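Engineer:
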Amino acid sequence: MTPLLKVENISKFYGHRIGCKDVNFDLYPGEVMGIVGESGSGKSTLLNCLAGHLNPETGEVLFEMRDGAMRDTVTMSEPERRMLSRTDWAFVHQHARDGLRMNVSAGGNVGERLMAVGARHYGNIRENAIDWLGRVEISDTRVDDRPSQFSGGMQQRLQIARNLVTGPRLVFMDEPTGGLDVSVQARLLDLLRGLVREMGLSAIIVTHDLAVVRLLADRLMVMKDGHVVETGLTDQVLDDPQHAYTQLLVSSVLQV
Amino acid sequence: MSDYNFAYLDEQTKRMIRRAILKGLAIPGYQVPFASREMPMPYGWGTGGVQVSAATLTPADTLKVIDQGADDTTNAVSIRKFFEKTAGVATTEETGAASIIQTRHRIPEEDLREDQILVYQVPIPEPLRFLEPSEIETRKMHSLEEYGLMHVKLYEDIAKHGAIATSYAYPVKVEGRYVMDPSPIPKFDNPKMEMAAIQLFGAGREQRIYALPPYCKVVSLDFEDFPFEASKADHACDMCGATDSYLDEVIMDDSGGRMFVCSDTDYCTGRRQAGHMGAQAAAASAALEETAV
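As they're listed, the protein sequences go chains A and B. First residue of the first sequence: 1, per our numbering; consecutive thereafter. First residue of the second sequence: 1, per our numbering; consecutive thereafter.
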């Protein structure tokens, strides 16, 4: 099997400071990769480099295009990269407000990506939007309401629907459950797990919540000060941490 | 001899504006930035259109100025006076007799010719502005031809009103490339934009000029199942009886009396002089005859 995403020696500096340094990993189709670490460990920087929001200083991000060829997304032209980011890629922001248009109805939010890739039939767009709202457990009676009238959990689910409507193959998630209370988090995780399995999505999830990666991620990467300190299968890393920092991280989790 | 340079602006400024106009004509629908000057009128009163007209005028030109189709409203009268005073050019109210027509919110009903220029006053040149507040982002969207967002606006219209309710400033795609705001003309006028005359658009406050060369392809955006419709009030003009012109609705009294009249005053006058008569005009002249007998 060939990897969907091949990350080679990605480094990003902010002046003299390290954002992230020499990151390497492969992501295979259908695989969910978790990136954990404390605030400032470079996990969001890494994610933004992979998703094309930031330009890394060195390294390559090779993505398998639909024709099977591996292309470096760092050096590809901006129109191509933006095309990728509204078709094959999806990006779920921590704050739903960053990923939604707050003054556009829920249906319009979901439909935007469809219209961006050329859908011009109102009836079909709307049907598709309602279908996706249903899949993220938002009632079809809310299709014409604005996200500002939605609760935080609903906004986050709407953001996910908006991202998945074009059938992406790779989803980047930045703290998708941040700022939600635990019962809403649990439902969202359940939903995400279902969608990831059902659609065979590959995903990269950045979080500082170990419970999230325990539930969702197949593999885990632990970052500290811009460096990857440990990688492995999720259960293996969490149950038998080798690096001192990972041990600290795992033991810091509050046991209820 | 007036104390102004011809058409108010100095020659260097006019050259700068002409360069912007030529660039705009070369790239139809593309918004060309230009160094808009302070004009002796407030923003929103047509400072962009006035600067474009000033740069286009020659002493031999005949100028017509319309505001919402009418020659006799404040904005039209004051701009016409402005150029009478600062350029000394001939002015007219007849569409056919004018070589340059500055307009706010309408295209004249009469077909324009190849030797005419239509200058629009534009308040907000960026069609994507209300959905995307960032100028950096909208410029990128234009350069990469990412216009999905424009359809989101139309989608919202249908979701909210059951039909595309945008009735003016209806977005168009020019020559299959740039999406353009046609300035707040009613969408009834959109199909007329594929015309023989040169069309120039000036936005003074926003410092943008854009243009359509003659016979340019201009397509109004729509959905397959909600096609574009050039709508107008379903009525004939009560003064001249025209059924093919854009109408203004005028409230006549406090008891619901109303009449529909052509918004293009020159067109309406011309038809009445040719002997056409609308319903209310006919009723009024009949009443007049009765009292005379």
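All C-beta atoms, glycine included, are put in the ideal place defined by N, C-alpha and C. Note that the structure is a prediction, hence the values are computed from the model and not measured.
Note down, in chain order, every chain B residue with its Cβ under 7 Å from the Cβ of residue 105 of chain A.
Structural biologist: Locating residue 105 of chain A in the first sequence gives position 105, where the first residue counts as 1. Near residue 105 of chain A (Cβ distances below 7 Å), the residues of chain B are 156, 159.
Engineer: Please report how far the alpha carbon of residue 132 of chain A lies from the alpha carbon of residue 126 of chain A, in whole angstroms.
Structural biologist: Locating residue 132 of chain A in the first sequence gives position 132, where the first residue counts as 1. Locating residue 126 of chain A in the first sequence gives position 126, where the first residue counts as 1. The straight-line gap from Cα to Cα measures roughly 10 Å.
Engineer: For residue 203 of chain B, write down the residues that DSSP places opposite it in a beta bridge.
Structural biologist: Indexing the second sequence from 1 puts residue 203 of chain B at position 203. B:208, per the DSSP bridge assignment.
Engineer: Scan the segment 226 to 246 of chain A for residues whose Cβ lies nearer than 8 Å to a Cβ of chain B and list them as they occur along the chain.
Structural biologist: none
Engineer: Please go through the segment 82 to 141 of chain B and give each complete alpha helix (DSSP H) segment of 4 or more residues, from N-terminal end onward.
Structural biologist: none
Engineer: I'd like to know whether the C-beta of residue 13 of chain A is nearer than 8 Å to at least one C-beta of chain B.
Structural biologist: Stepping through the first sequence from its first residue, residue 13 of chain A is reached at position 13. Nearest CB-CB separation between residue 13 of chain A and chain B: not below the 8 Å threshold.
Engineer: Our contact map puts residue 36 of chain B next to residue 51 of chain B with C-beta atoms below 8 Å; I'd like the distance itself, whole angstroms only.
Structural biologist: The residue you call residue 36 of chain B lines up with position 36 of the second sequence. The residue you call residue 51 of chain B lines up with position 51 of the second sequence. Sure, about 7 Å apart at Cβ, within 8 Å.
Engineer: Would you check if the segment 145 to 163 of chain B and the segment 98 to 114 of chain A touch, i.e. whether three or more CB-CB distances between them fall below 8 Å?
Structural biologist: yes
Engineer: Determine, for residue 8 of chain B, whether the minimum Cβ-Cβ distance to residues of chain A falls below 8 Å.
Structural biologist: Taking the second sequence and counting its residues from 1, the one referred to as residue 8 of chain B is at position 8. No, residue 8 of chain B does not count as interfacial toward chain A.
Engineer: Along the chain, where does the beta strand (DSSP E) that runs through residue 247 of chain B open and close?
Structural biologist: Numbered from its first residue, the second sequence carries residue 247 of chain B at position 247. Its beta strand (DSSP E) spans residues 247 to 251.
Engineer: So which residues on chain A does residue 152 of chain B lean against when the C-beta distance must stay under 8 Å?
Structural biologist: Numbered from 1 along the second sequence, position 152 holds the residue referred to as residue 152 of chain B. Below the 8 Å Cβ cutoff, chain A contributes 101, 104, 108, 111, 112, 115 as neighbours of residue 152 of chain B, in chain order.
Engineer: For chain B, find out if any of its Cβ atoms is closer than 8 Å to the Cβ of residue 147 of chain A; answer yes or no.
Structural biologist: By 1-based counting over the first sequence, the position of residue 147 of chain A is 147. By this cut-off, residue 147 of chain A is not an interface position.
Engineer: Please report the distance separating the alpha-carbon of residue 206 of chain A from that of residue 17 of chain B.
Structural biologist: Your numbering for residue 206 of chain A matches position 206 in the first sequence. Your numbering for residue 17 of chain B matches position 17 in the second sequence. Each residue's alpha carbon lies about 52 Å from the other.
Engineer: Measure the alpha-carbon distance for residue 45 of chain B versus residue 75 of chain B and round it to whole angstroms.
Structural biologist: In the second sequence, residue 45 of chain B corresponds to position 45, counting from 1. In the second sequence, residue 75 of chain B corresponds to position 75, counting from 1. Rounded to the nearest angstrom, the two C-alpha atoms are 7 Å apart.
Engineer: Go ahead and label residue 1 of chain B buried or exposed: buried means 16 or more other beta carbons lie within 10 angstroms of its beta carbon, across all protein chains shown.
Structural biologist: In the second sequence, the residue the question calls residue 1 of chain B occupies position 1. Its pLDDT being 48, under 50, residue 1 of chain B is placed unreliably in this model, and the value from its coordinates should be taken loosely. So residue 1 of chain B counts as exposed.
Engineer: Could you check whether the Cβ of residue 126 of chain B sits closer than 8 Å to any Cβ belonging to chain A?
Structural biologist: What you label residue 126 of chain B is simply residue 126 of the second sequence in a count that begins at 1. Chain A contact via Cβ: absent.
Engineer: Between residue 162 of chain B and chain A, is the shortest Cβ-Cβ distance under 8 Å, so that the two count as touching?
Structural biologist: To locate residue 162 of chain B, count along the second sequence from 1; it is residue 162. Not one chain A Cβ lies under 8 Å of residue 162 of chain B.
Engineer: What residue does the alpha helix (DSSP H) around residue 254 of chain A start on, and which one ends it?
Structural biologist: Within the first sequence, numbered from 1, the residue matching residue 254 of chain A stands at position 254. Where residue 254 of chain A is concerned, there is no enclosing alpha helix (DSSP H), given that its DSSP letter is neither H nor E.
Engineer: Within 10 angstroms of the Cβ of residue 331 of chain B, are there 16 or more other Cβ atoms? Answer buried if so, exposed if not.
Structural biologist: Because residue 331 of chain B is not part of the residues shown, which for chain B are 1 to 293, the question remains open.
Engineer: The alpha helix (DSSP H) that contains residue 132 of chain A, what's its start and end?
Structural biologist: Here the question's residue 132 of chain A lines up with position 132 in the first sequence. Run containing residue 132 of chain A: 122 to 135, per the alpha helix (DSSP H) assignment.
Engineer: Roughly how many angstroms separate the alpha carbons of residue 204 of chain B and residue 163 of chain B, rounded to a whole number?
Structural biologist: Here residue 204 of chain B refers to the residue found at position 204 when the second sequence is read from its first residue. Here residue 163 of chain B refers to the residue found at position 163 when the second sequence is read from its first residue. Taking the straight line from one Cα to the other gives about 33 Å.
Engineer: Any beta carbon from chain A within less than 8 Å of residue 149 of chain B's own beta carbon?
Structural biologist: Residue 149 of chain B sits at position 149 when you count from the first residue of the second sequence. Yes, because at least one Cβ of chain A sits closer than 8 Å to the Cβ of residue 149 of chain B.
Engineer: State yes or no: is the beta carbon of residue 1 of chain B nearer than 8 Å to at least one beta carbon in chain A?
Structural biologist: Position 1 of the second sequence, counted from the first residue, corresponds to residue 1 of chain B. At residue 1 of chain B the pLDDT is 48, less than 50, meaning the model places this residue with poor confidence and gives no usable figure here.
Engineer: I'd like to know whether the C-beta of residue 224 of chain B is nearer than 8 Å to at least one C-beta of chain A.
Structural biologist: If you number the second sequence from 1, residue 224 of chain B lands on position 224. Taking Cβ atoms only, chain A reaches closer than 8 Å to residue 224 of chain B, which makes this a yes.
Engineer: So which of A:103, A:17, A:212, A:213 has the shortest CA-CA distance to residue 155 of chain A?
Structural biologist: The residue given as residue 155 of chain A occupies position 155 in the first sequence. Of the listed residues, the one whose Cα sits closest to residue 155 of chain A is A:103.
Engineer: Does the beta carbon of residue 123 of chain A come closer than 8 Å to any beta carbon on chain B?
Structural biologist: In the first sequence, residue 123 of chain A corresponds to position 123, counting from 1. With 8 Å as the cut-off, residue 123 of chain A counts as an interface residue toward chain B.
Engineer: Could you pull out every residue in the same chain whose Cβ sits closer than 8 Å to the Cβ of residue 190 of chain B, ignoring the five residues on either side in sequence?
Structural biologist: The residue you call residue 190 of chain B lines up with position 190 of the second sequence. Here the set comprises 170, 172, 182, 218, 220, 228, 230.
Engineer: Who pairs with residue 5 of chain A in a beta bridge, going by DSSP?
Structural biologist: The sequence position of residue 5 of chain A within the first sequence is 5, counting from 1. Its beta-bridge partners are A:27, A:63.
Engineer: Give every residue of the same chain whose Cβ lies closer than 6 Å to the Cβ of residue 195 of chain B, excluding the five residues on either side of it in the sequence, and list them in chain order.
Structural biologist: Within the second sequence, numbered from 1, the residue matching residue 195 of chain B stands at position 195. The answer, listed in chain order, is 112.
Engineer: What did DSSP end up calling residue 212 of chain A once you bin it into helix, strand or coil?
Structural biologist: Sequence index remark: in the first sequence, residue 212 of chain A carries index 212 (1-based). The answer is helix: DSSP assigns residue 212 of chain A an H, G or I state.
Engineer: Between the segment 54 to 66 of chain A and the segment 128 to 142 of chain A, do at least 3 Cβ pairs fall closer than 8 Å?
Structural biologist: no
Engineer: Are any of the Cβ atoms in chain A nearer than 8 Å to that of residue 144 of chain B?
Structural biologist: Reading the second sequence from its first residue, position 144 is the one you call residue 144 of chain B. By this cut-off, residue 144 of chain B is an interface position.
Engineer: Beta strand (DSSP E) containing residue 153 of chain B: first to last residue?
Structural biologist: Residue numbering aside, residue 153 of chain B sits at position 153 when the second sequence is read from its first letter. Looking at the DSSP string, residue 153 of chain B is not in any beta strand (DSSP E); the run it does join, the alpha helix (DSSP H), is 148 to 161.
Engineer: Taking the C-alpha atoms as reference points, what is the distance between residue 248 of chain B and residue 234 of chain B?
Structural biologist: Mapped onto the second sequence, residue 248 of chain B falls at position 248. Mapped onto the second sequence, residue 234 of chain B falls at position 234. Between residue 248 of chain B and residue 234 of chain B, the C-alpha separation is close to 11 Å.
Engineer: Alpha carbon to alpha carbon, how far is residue 180 of chain B from residue 93 of chain A?
Structural biologist: Counting from one through the second sequence, the residue named residue 180 of chain B turns up at place 180. Counting from one through the first sequence, the residue named residue 93 of chain A turns up at place 93. For residue 180 of chain B and residue 93 of chain A, the distance between alpha carbons rounds to 31 Å.
Engineer: For residue 199 of chain B, which residues of its own chain have a beta-carbon under 6 Å away from its beta-carbon, when the five flanking residues on both sides are left out?
Structural biologist: Within the second sequence, residue 199 of chain B is the residue found at index 199, counting from 1. Excluding residues within five positions, the ones whose Cβ falls inside 6 Å are 118, 212.
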